[in-house]
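These notes are about the structure you will find just below.
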Amino acid sequence: MLSMKKFIIPLLFMIGLFGCGKNETEVLEKKPASSEKGQAETKHHEELGFIKNEEGFIVHMKDIKVLLKHLSTSIHQQDWEAIKKDTKKLKEASPVAFTGANKKDLPVEFINLDVRFHMSALELISASQEKNKDKATAAFFKVVNSCDECHAKFNPKEESTSWFQ
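With my numbering as the guide, the letters of the sequence shown map in order to residues 756 to 920.
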């Protein structure tokens, strides 16, 4: 059973990671759903209005995807030196900065998800410094989940978890 888990987990990482980093982005626009109550309904559009450097943003997101693929393999193989290098790069990654927008112009939820991404990355760094594969794997999943939550919210074409399908 243990050897089967060792095979399935990396397989899931590799299969699932191919769905992230697509070129399409969307923006959410609020429009009144009811004139009586002033309720808002979410409408999808072709691009995220708050991303000022869409091309650069997409490139950086793809870089993070590649980095996460490499990290999943390194964690599985317990290649602590590669993990150390990759987690340093992950720590320096910032979806908020990659937008090219001023932080005050970004949606609060986007910023909160970026913070969650960084907190998870710090947890992964700590687990990796301990050379603890179980903790590193759990922290890695937190990083991936923070990415998934952001994609579900801000890229509705990827509403479901893209990493493991």
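Glycine included, every Cβ here is placed at the ideal spot set by N, Cα and C.
Would you mind reading off the limits of the alpha helix (DSSP H) that contains F805? F805 -> no alpha helix (DSSP H), and no H or E assigned at all.
N-terminal and C-terminal residue of the alpha helix (DSSP H) that D860 is part of: Careful: D860 lies outside any alpha helix (DSSP H) and carries neither H nor E.
Hey, could you find the ends of the alpha helix (DSSP H) P850 is sitting in? Looking at the DSSP string, the run of the alpha helix (DSSP H) that includes P850 is P850 to F853.
C-beta atoms of K908 and E864 nearer than 8 Å: Yes. Within cutoff.
DSSP on E885, reduced to helix/strand/coil? Three-state DSSP puts E885 in coil, outside helix and strand.
Looking at L845 and F805, is the spacing between their C-beta atoms short of 8 Å? Inclusion of F805 and L845 in the CB contact set at 8 Å is not warranted, their separation being larger than that value.
What span of residues does the alpha helix (DSSP H) with D841 cover, start to end? That run of the alpha helix (DSSP H) goes W835 to E847.
Distance, P850 Cα to K817 Cα: Roughly 11 Å between the two C-alpha positions.
Once the 5 residues before and after I921 are set aside, which same chain residues still bring their CB inside 6 Å of it? Missing from the structure shown is residue 921; the chain here goes from 756 to 920 and no further.
F872 versus A894, N910 and K839, residue with shortest Cα-Cα distance: Closest in alpha carbon position to F872, among A894, N910 and K839, is A894.
Where G855 and V814 are concerned, what is the direct C-alpha to C-alpha distance, given to the nearest angstrom? G855 and V814: Cα-Cα distance of roughly 13 Å.
Collapsed DSSP secondary structure at N900 in the structure displayed: Three-state DSSP puts N900 in a helix.
Coil, strand or helix - N867 by DSSP: Assignment of N867 by DSSP, reduced to helix, strand and coil, places it in the helix class.
Short Cβ contact (8 Å threshold) for S901 with I838: The Cβ-Cβ distance between S901 and I838 does not fall below 8 Å.
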